[in-house]
Every structure is written in structure tokens, then in C-alpha cells.
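What follows is a short report on a single structure.
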Amino acid sequence: MNLLQTLLVVASTLGFAWGPAYATESSDSVKHDHEYETEGGHEEVRQEEEAHVRISLALAEQSGLRVAEAGPMVVTETRTSYGRLVTDPERLAHVTGRFNGQVRRVEVSLGDAVKAGDALAVIESNESLQSYTVTAPIAGTITQRNVNVGELVNGQPLFAIADLDTLWAELKIFPGQREDVSIGQQVRFAIEDKAYDGNILHLLPSKNDAPYVVARVAVDNNLGLLSPGLLVTAKIVVESSEVQLAVDRRGIQQFENRTVVFVQEGETYEPRPVVLGRSDERVAEVRSGLEPGDKYVVENSYLIKADLEKSSATHEH
Amino acid sequence: MIDAIVRLSVERRYLILSLVLIVVGFGVWSFQRLPIDAVPDITNVQVQINTEAEGYSPLEVEQRVTFPIETALYGLPRLAYTRSLSRYGLSQITVVFEEGTDIYFARNLITERLGAIKGVLPIGLEPKMGPISTGLGEIFMYTVTAKVGTSQANGEPWDATALREVQDWIIRPQLAQVPGVVEINTIGGYDKQYHVTPYPARLLEFDLSLADVSDALRANNDNRGAGYIERNGQQLLVRSPGLLENIAEIEQVVIANRGGVPVQVGDVADVAIGKELRTGAATRDGEETVLGTAMMLMGENSRSVAKAVGEQLESIRPSLPEGVELELVYDRTSLVDRAIATVQKNLLEGALLVVVVLLLLLGNLRAALITAAVIPLSMLATISGMVRTGVSANLMSLGALDFGLIVDGAVIIVENCIRRLAETQAGSGGLLPIKERLQLVYEATTEVIRPALFGVAIITVVYIPIFSLTGVEGKMFHPMAATVVMALLAAMVFSLTIVPAAIAIFMNGKVEEKESRVMRYAKFIYRPMLEYALEFRWVVLGSASALLASCLWLATTLGTEFVPQLGEGDFALQALRAPGTGLEQALEMQEQLEKRIKAFPEVDKVFARTGTAEVATDAMPPNISDIYVIVKPSDQWPDPGKSREALIAEVQEAVELLPGNNYEFTQPIEMRFNELISGVRADLGIKVFGDDLDQLLDTANAVMEVVQSVEGAADVRVEQVTGLPMLSVHPKRMALARYGLTVDSLQDLVAAAVGGENAGMIYEGDRRFQLVVRLPETIRRDVDNLGNLPVPLPDDEFVPLSEVATVELAPAPNQISRENGKRRVVVTANVRGRDLGSFVSEIQQRAREEVDIPAGYWLDYGGTFEQLQSASQRLSVVVPVTLALIIALLVMAFGSIKDALIIFSGVPLALTGGVLMLWLRDMPLSISAGVGFIALSGVAVLNGLVMVAFIRDLWHQHDDLRAAVVNGALVRLRPVLMTALVASLGFVPMALNTGTGAEVQRPLATVVIGGIISSTLLTLFVLPVLYSMLHQKTVNGGRR
């Protein structure tokens, strides 16, 4: 039965020709090699202490990696708030005639600038029939002029004089920021591309029981570009201090659910989990995790993160 | 019946011969209609449903879009399965139908279902079906670039937005009209938009909200027709045009009235041409570009469509604005041409060699030509058959054709006729009268027709296992088997009809059996050797068995590969970056990468798609790039001898150094197939199904631990589902209520501020552009200050966003994959050094025991092992059945099981040569090689068949076994050598070719050449020995 055996051998040969071929899913040996490598990278990430990236200096230069030294920096913490400009109530005068009577003369027009003591109008009293001069109590600009020659004055305000050299910004401080804001803090405004400075002088409760307090800041308007009613965006400097150790915020990345910066040592880069403290728009204080003088990646720090995480990059459909 | 056919062919020889004209005519006609492509189409029947949901996060996309659509698809007729992907701004559902489903029928069904759920989807979202195209569809790609130093008509330099406008409104409308093109897909640049960017502070100043701005724009941007008036018999149409036309007009739209003063858009906002929030971009040679892709309609001829697109592209060129260049970067035609050239070269050279061999061995020009004529005829008939059965011409389908094999039947018949004619003429000493000649031809034909027919039938039968392959492998190899079978059948029919007819007509002169010197010499050597073999039969049998055993062992040491890789010439790679990488960042990395690849002198062009194109045929997140590397022809390389593999390895080495990228090297068409077919590409994929993503991930991780602990597991991985950093704005309900706000109004504000709100269209002739209201880039990008965004209150007050919402940065699902309507997370693993079957069953058992799977969650096992299981199950039935079938055929032919088995013993011995040859050429076992083995078994059986038939007839006539064996073998020496030589020489060009696509054919040809050598030796020595041994017993037993 030699032949039957042969038959079986043939059957198994043919079966064999297909069978094991299924075990390798792809003929692409390049791809396979690569998978091993990916696996290696994956393990690196898993053992966090050893996670690092090696990039030659030339390549780092080419890829736009820039490093900086961690060290002391000034951190200026700010809060943003909005408010409107109002005239200083202390520098607003509503001028009335002391005695009722007829207006004989008006000396100023709307918009005229007056000094304190300047004559505004001459009124002839009804009782004494004597004329008296109404003068400006404060220097400023005539913002209202409610009388004309020949009219009777009956105790109504005749003029309003406002001093617009100093305006007040009334910033709305909502509860979320309330505890950070206090009297005396510096405030920076950017109004129509011009920078203004001021300090918080008062903190008042809002008028109609709205849920915010009003921080009042005097704003110098020597240039006369500002006007009451203007809406301003203010940055309140909550704290400004030099911290021992700070990093540029562009260097901060999230890696494996932790905040890290990537420290350069020669040609290797490794993630250092850091605890951040105060921060402003540019820099952040480092409470722990980094030593002064450590070189960390500032520009293109995402590249390092990407390289560490690339093993998890897959294309699923 | 066969006799009747042959008789008819001989008697009505002119009529039969005129059939040739019909075959030729039909063949040529079919050839015009033959779809030609480089590779077989392995895409399944699938429809993609893409829904763009601008601004939706993965979770919302899944809940609002994907789920309703998936549910609507339940119970579709002929549905195989659905899988879906919910990603930022996009829901993609792939509906896969059973094989053979008509695509238009399937799309119709889906349209119907989609229509029914229109009301369920969020307003404004429109599910769209992907283009009717396949993995072979991306046939033509071009880039739109600007010449250095040129500028637009308005003096501005060309930028990505302007180039995109040229693509969208000049190039695309013209290209889309090319017949056979189903879609022009664009990626890169920015869709031009008009942006109104209000400053929050200015809005507050006038007590306005973002919604006020967009409402004002909407209310001031319309044309209205107002019917007509008849005046004095004339009809006047009435119309009130009010469309905004340019930036100045947009700026003048009045939003509100404050103290009698109109507040215009320009007072609170900047208006400019802006950039869309794009989902994808294109790069070329390290710079951003606009990339257009022409998609071919399913079933079209890629070569002709690509050519038509190319021609259209040329005619578009003059209509482009000054300075804009249109450059072809990928054209399928070149690949197809190269592949077809390879096949053509192989077939032509093979055919030539066959003719030469025939001429040499037959020593008769006419006979050689008659035999050779079968080659073009069966080719034409095959082409007709291919067109009728819808098989396209490509490397696979034409790759296995060997004309030597095809003409085997004809060779045997012609050889016998000539021999008989020569013998008779020599006997009668002159020309035969026509009647006798015809009778002789008839007899000579019928003498060998049965074995020849059975041989062809057997070769056909051995292709059956190939037809049992399913899935991707089936699609790859069915065309190959179908073509070969068609060619064989055609050749069989011709050898029955046209060949005898032609012999009857043309062999009318003196037929000299010029026994060529080669033949004489061969016979001179063969006879004593055969005698010795018969003498030392145990030595012969022993060495044959030893050879068989050692080759079996050798076969186990050969590497294996399943699907051969068709070298496309150009190559592609996917750059994978960390999930969550932004598009701009990815582009920066991509540009670095491309510059590095471009630095290779062998590389002509390198271009890439990053993220998703306008039509989401491939829904890639922005952290992935598909990179195409177009290689120069190798004669322009600094070292033309360098192999493509070496180049790829060098490129790989160079790009590995770049930080942040992971790569997968592939090829353009292969990449597209992978994207479409998708599924799990590892050996084993364990799918965890369920509802809660966290739970799914927990379970998946538990499964991963189990898998890792199983011996042989490698590359164990859990699909990445989280990892997209997400900025969540959680509304504080109490605070909102206190300020009289609703969650809705808050969300509207955030969406409009960050994402932008569509406030209508700006028309410029045909061109239309969106008018979008959103915050200025500086404010929008400032994540830290998002909390300070003022939220307008109903009473003209405002409150900062942080008062009414918490802003939180946390990782969130970056995409949600579903399959058959359920969320799933996949754990993948490969197996090393262990057989997949036991590996899988161990994991299945341990997962059952060790992993705690909550109610409502379940596991499903898939991956390549599925294919292995189904394929090996099927093959374990089909292969024995096939073998049995062959034996049955042989038994039918001889009426003797013994003879059948003797012939059949040729199969394993023939295989030894193939295995040896593979080993010598250092090639792996592959399906291609398998097909070679199949062809080989056929040839071996055919030769054995003819030989045994002759020996038996001689034995029956003279009753001397030994003499019958020796004489029969000597008589059959010539046809055996001839069939062996034509079959193997026909494959020589294929075995040596290095052109495009030769990878598939080389193993096949190698196996056949090696196998035929061993098979010939076997037929010449082992077979007579076996025959005499086995029948000796019969003789000795005295039963005969």
C-alpha cells in the first residue's frame, strides 16, 4: 500500500503549502521589522524612568528645537476684567444760580474749557435786581449748558463742568476673582491700542445688588483720547514677584496625564514631571521637579512629546 | 462524442478552420472591452456613509449621528456587517454587503433607509454616501502650485486659499466631467471664507452679542424675486437684489441703533478673507500644496480613465490664471503600462521559445506553426472569456499563463499525427491519397486525444482549491485560476477541432520524420539508462523516495508568505504621530520629513495627505499622513543597480531619525486597499463589545494582561481610544439660572466664539463662499483666557464665562469605533514561535476563566487567524477531494486503479523539483508558488498519462511487459521531452524577469521549471520502473 501512503504525503504537502502560510499575515518584511521596533518604543514609554528621546544636535537644530535654562524669573499674575469709564464724581460740578433771576449774559459755550473761578454767566436776581456772576467751581470742560440769555433761572442746574483729565474705570469683579483682587493693586488697560496704568483705589459693592463688586481705578486722560462710557479690558496685576525657578510656558506639555517639561542632557531629552505654582501668560513657577540650571526645551517641545507617544499612534478604521 | 467531433473537424476541415476567423474577430472585439489594471480589485462590496458634523466631538457624533444611522441600517438585505467611526466632526459608517451584491442596489437600499431617519438627525447634518469607487479608484493625482514670483490678479501673492479656489472653481468642475470619473477629491489649502471677527469688548460697549452680529448679517444678505408686472402688454420681472458682494458691503451692515447712531459690522468687527477650520492638508516636497485626486467609477478601465483625465488636465491648463501650475504627481497609467509590459514580455518571449522548441523537436515548420497557432487563438478566446465573466486583465490574472502548458494538448496531438504520417509515408513510400491521409489524421488524433483531454481536465481540476479561497485571497487568486482554466479549456477545444483540421489541410506534403540529431542522441542515451533503471529498480525507487523525503523536510525550512506583494514601483508610507497632534504641528513635522525623503536622488516627487480630505474617503485624524513617494525610473538613479527594497530600507533608516513620527511602509494601491478593507491586521484581534468606554477599556486591559501571559504572544496592544486632549466647558446650572441664562445660550456662545457660526453665503458668480462669524484668532486661540470671555446677559449686562461655566482640559476619547451597532475596543496580538490555533484556544479558555466580563459586555475573536481557520478547514476538505477527483479521472481514463495510482505517484515527485528550485533561489512558499505546484501536478499527470496509455496499449498488443515498457517509453520520449521543454521554457522569461509585477510570477515560474525537470526524470525513469514492477506481479500471478 505504498501508493496510498504516497497519496497521504501528497495531501499533506499540498495542505502544508497553504497551512502555515496563513500564520504570517503579511509578506511585507519591512513592516514586520518595524513592528518589533515599535514594540521596543512602547516598552520604553511604559517604564517611565527610562522614557527618553535621543535626537542629535544637528537634527534638533533642524527640527527647530530650542532649549533654555530654568532659572529665576518674574512672574506677573493677572486677572482680566471688564468695566466702563465714568467721570470722576468728585470732578463733576453742576452749577446753579444762587438767586433766581434772569440771565443777562452767558460767558461760556458747550465744550469750553474753564478754570476754577472763571465767569460762566451773569444773572440778575429777582429779589435784589442786582446782577451777580456765576463762576466755575472747578476747572474742566463745560459738558452741559442749560441756559440762554433772557431765560429765568429757577434753581435748576445751569451748567455741568466735568474734569475729564482723570476718568475712573469701574471694573466689575465677579465672585470668582474677588479674593484675588484688593485695593492698591496695579491695573493695566489696553484701550484702543494704547496702554494705560492705574491702581485700584476703591472696592465698592455694585449699585443694584448685582453679584459683583466694582473696583474703581483712576485713569489718566491727559491726552484726552478717552471718554466716559467707553468699555475697557483691564488686567489686574494680582501678584508680581520674582520666583526662584520658572520656565517658559511654551515648554510645558501634558504627558501621560502629568505636567512635564522636557530636559535636555547632551543629545537625550527626558520628561520631568513638574509641579507648577504661579503663572502668567509667559512663564510659570516651578515648585518642584526641576533644578535651577536645567536645560529644557522651549520651542517645539511638542516634538519630544510626539516622539515619546508615537508608539501609541495607530491608524484604526 | 469526442471521436465524432474529431471526425467532423477532419471532414469539414475548411468550415472548422474558418471558425478561427470568428474566434479572432470576437477576441479582438473583446480585447477593446477588457478592463486592464495592474492588480486585481480586492475591495469588498461596501458603501461608506459620511456625515460631516462640524464642531461635534466624538461622543456627540456617535450619539447624534452614528447611532441613529446604524440603527436604521439594521436588517438590510444582504448586509454582511457595519462598522463605524465617530471622530471630531465626522461620522463614518462603512456598510459591508455580501459578496456579489450589486453596488447600486445596495446604495439604493441605504438611500431609502437614510431618507426615513432624516428627522432624527440634528438639523443641518446630511449623511452622504461615498463615491462609487473601489480600492483601485484613486487613479490620478495632481497638485496645484504657484510659480515662484507670480502673484494673483489683485497683486497679492498666491496663497493656499487662492490656489484652493482655483482648484475648486476652475479645475475640478472640468475634471469631474471626464467619463469614468466619479469624484474629484480635494485636500489642502483652505476653503475660502469671509470672516467677520467681532471683538468682545466692542460688542459689550454697544450691548451686542455674537448672535446679534450673525442675525444682522443673515437679515441683510438676500436677493428676492417678486413676480412680474404687465405694463402695456410687456412683462416686467420684479427683483430686489440685496446680496452682499464684498468686504466693504459686509462692513456696512447695520447691527443695531445706539442713540440714533447705527452700529455697523465694521464698528465692532474685522472683516477679512479667512481660513476654514480645516480637517486635512496636503504637502508636496516639503511645502503646502493643494492636491486633487480623481476617483474612478467602480468597474471602469483605469488605464483609459486615467488617460482621459490626463488629457483633460492638459486642456485645462490654458484656462488657469497666470502663474498657477497644474502638475501630475501620480498616474495609474504608468503602473498599468509597466505591469502589462511585464506580462506582455513574458508571454511573448515564452511563446517565441515555445515555437523554437517545437520547431527543433518536431523538425517540421508547418507542424510547429500549427501548434504555435494555438497560442494566440487560446489567448484571444481567453480574453473573450475574461470579458464575459468580468475578470480584469492584470498581473495576477495573466501572470500564471504559460503557453507551454497551454499547448501541451496540441503538442501531443501534432506530434502523434506527424509520427504516424511519417511512418505511413515511409511505409507506402510516397504521398498518401487524401482519404487515407484524413483517416490517418483522425486515427492519430483519437489515439492520443483521450489522454490529452484527461490531462487538461486534470490540470483544470487541480485549480479547484484556488476557487475555494474566500475573502481577499479569493479575490486575488480567483482571476488567476479562472484565466488559466479558461485558457486551458480553449486550448482543449482547439486541439479537438482546429488542430486536426489544420493538420488535415496543411500537412499535405511529404512529411519527413526528420528525427533531429538532438532526438537521436537523446534516444541513444535514454535506452541504456532505462534498461539500467529497470534492472536496479530498487535503487531508483529508493533514491526517489529519499529525494521526496528530503524535499519534504526542505519545504518545512522554507519561509512562507501568503499573499505575494505586487511591487508598484512607487512606494508609500504612513507617518503616524501621537494622537491629538494638531494639524499645523503635524504639517511642520511632515515638511521636515518630506525634505528628508526628497533629498534622495532616486526620489522624483514626494507628496502627502495629512488628515481627512473634503470627501472623507479615508477618515484620517490630523496626526496621520499618507505619504506617496514617486520614484524616478531606475536608469536615472545614481546607482541604477540598486534594488527598490534597498532604497526603501535607506529611506526608512533616514526617516526613523526624525523625532515624533512612526512609520508604516506600504505602496499606494496597497495602502488604499488596507484602508478600505481594514479590519484587524494582526494575527489575533479580540474585540470587546459593550457600552461604557471606561468599562470597555478596563476589560480590554484585563484581556491584554491575560494575552501577555500566554506563551508566544507578541506585540500585544490595546486600541488607543482615549488620548485626545479636550477642552470642556461645563455649564454651572445654578450660576446660569442666577443670571437668567440657559445652557443652550451658553453653548451657542462658545460654539460661535470658538468654532464660528455660519451667517450665510457670499456669491461671486458660480463661486460661493461661507460667511462666518467667529472671534478673532488672537482671542480664539488664547485658551487661558477663555474663561474671561464675556457672556452677554438679557439686561445688557455681562458676566465672564468662568462665572457660569468651568473650563477643564482633560483627555477624552479621540474616536469611537463601533461594529455591528455596538462600541468596541480591540486587543491585538501577534504570535511568534507557536501555532496560532492552540494559541487562540488557550487565550479563549483563559479569558473565559480569568477575565471578569460584566453583563452586557462580550468578547469576539477575529483577526488573521479567522482566515487561517476557515481557509485551512476548507482546504483540508477541498484538497483531498481534489486529489480524489484526479484519481477518479485517472481511473475513468484507464479503468484501472493501479494505473491511476502509478500516474498519480508522479505528483509528489514532480513537487520535489519545485521545492528544490525554490530553495536554490531562496524564495518563500507562497500562494504563487502553490499555483506553480498545481500547474506542475497537472503536467506530471499529463505526461504520465500519455506514457502509461502507450505502454499499456503496446503491452496489450504484444503481451511482453518489459518490451512494452521500454518501447513505449522510447516512443513517448519525444512528446514527453517536448511538453516538458515547452512548459518549462515558456516560463523562463517569467522566472528571470525583474520588471513591475514580476514578484508574483517569479515563484510560480521557478516552481514549474524546477518541477518539470524532476517530473520529466520521473516520467522517463521512475514511472516505467513502477509500471513494470506493479504489473510484474500481475504477470507472475498469472491472472492476466
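Chains H and Y are the protein sequences, given in the same order. Position one of the first sequence corresponds to residue 1 (the working numbering), numbered consecutively onward. Position one of the second sequence corresponds to residue 10001 (the working numbering), numbered consecutively onward. The C-beta atom is built at its ideal place from N, Cα and C for all residues, glycine as well.
Going by C-alpha positions, Y/P10179 is about 46 Å away from Y/V10877. The secondary-structure analysis by DSSP pairs H/R216 across a beta bridge with H/E170 and H/H202. Annotation: Y/A10578 to H/A306 spans about 5 Å, alpha carbon to alpha carbon.
A check of alpha carbon separations from Y/A10080 across Y/R10450, Y/L10469 and Y/V10095 identifies Y/V10095 as the nearest.
Close to H/N148, with beta-carbon spacing below 8 Å, lies no residue of chain Y; the smallest spacing is near 24 Å. Beta-bridge pairing by DSSP links Y/N10050 to Y/Q10092 and Y/K10128.
By the Cβ-count criterion, Y/G10089 is buried, with 16 or more other Cβ atoms from all chains shown falling within 10 Å of its own Cβ. By the Cβ criterion, the stretch 10108–10122 of chain Y is not in contact with the stretch 10021–10037 of chain Y, since fewer than three pairs of Cβ atoms, one from each stretch, lie closer than 8 Å. The beta-carbon of Y/T10610 is placed no less than 8 Å from the nearest beta-carbon of chain H.
Straight-line measurement puts the Cα of Y/F10950 at about 12 Å from the Cα of Y/H10958. A Cβ of chain Y is located within less than 8 Å of the beta carbon of H/P211. In this structure the stretch 10484–10500 of chain Y does not touch the stretch 10989–11004 of chain Y; the number of beta carbon pairs closer than 8 Å is below three.
If only uninterrupted beta strand (DSSP E) runs of at least 3 residues are considered, those enclosed by the stretch 10245–10288 of chain Y are 10254–10258, 10261–10264, 10269–10275 and 10280–10284. By the Cβ-count criterion, Y/G10932 is buried, with 16 or more other Cβ atoms from all chains shown falling within 10 Å of its own Cβ. Listed along chain Y is no residue with a C-beta nearer than 9 Å to that of H/N221; the closest approach is about 17 Å.
Taken in chain order, the members of the stretch 10659–10678 of chain Y whose beta-carbon sits within less than 8 Å of a beta-carbon on chain H are P10659, G10660, N10661, N10662, Y10663, E10664, F10665, T10666, E10675 and S10678. A straight line joining the alpha-carbon of Y/V11007 with that of Y/L10658 spans about 43 Å. Not a single C-beta of chain Y is nearer than 8 Å to the C-beta of H/V275. DSSP places Y/L10297 outside both helix and strand once states are collapsed to three, so it counts as coil. H/F262 is outside the set of residues whose beta carbon lies under 8 Å from a beta carbon in chain Y. Under the three-state reduction of DSSP, Y/W10158 is assigned to coil, being neither helix nor strand. Annotated as proximal: Y/L10204 and H/Y82, with beta-carbon spacing under 8 Å. Contact annotation, Y/A10351 with Y/I10375: C-beta distance approximately 5 Å; criterion of less than 8 Å satisfied. Between the stretch 144–152 of chain H and the stretch 100–107 of chain H, the count of Cβ pairs shorter than 8 Å is three or higher; the stretches touch. Contact of H/A306 with chain Y is assigned, a C-beta pair being separated by under 8 Å.
Counted as a single uninterrupted DSSP element, the alpha helix (DSSP H) harbouring Y/T10979 occupies residues L10973 to L10992. Across the stretch 10190–10208 of chain Y, CB contacts with chain H closer than 8 Å involve A10201, R10202, L10204 and E10205, in sequence order along the chain. At a cut-off of 8 Å between C-beta atoms, Y/T10581 counts as an interface residue with respect to chain H. Along the stretch 10761–10785 of chain Y, the positions whose C-beta sits under 8 Å from a C-beta of chain H are D10784 and N10785, read in chain order. Boundaries of the alpha helix (DSSP H) harbouring Y/E10777: E10777 to R10780, taken from the DSSP string. With a 10 Å radius around the Cβ and a threshold of 16 neighbouring Cβ atoms, H/Q264 comes out buried. Against chain H, the beta carbon of Y/Q10592 has neighbours under 8 Å at Q62 and S63, listed in chain order. The stretch 10213–10228 of chain Y and the stretch 10264–10271 of chain Y touch, with three or more beta-carbon pairs separated by less than 8 Å. Under DSSP, Y/T10666 forms a beta bridge with Y/A10572.
Using a Cβ-Cβ cut-off of 8 Å, Y/S10334 does not count as an interface residue toward chain H, since no Cβ of chain H sits closer than that to its own. When CB distances to chain H are screened at a threshold of 9 Å, the residues of the stretch 10793–10808 of chain Y falling below it are E10797, F10798, V10799, P10800, S10802 and E10803, in chain order.
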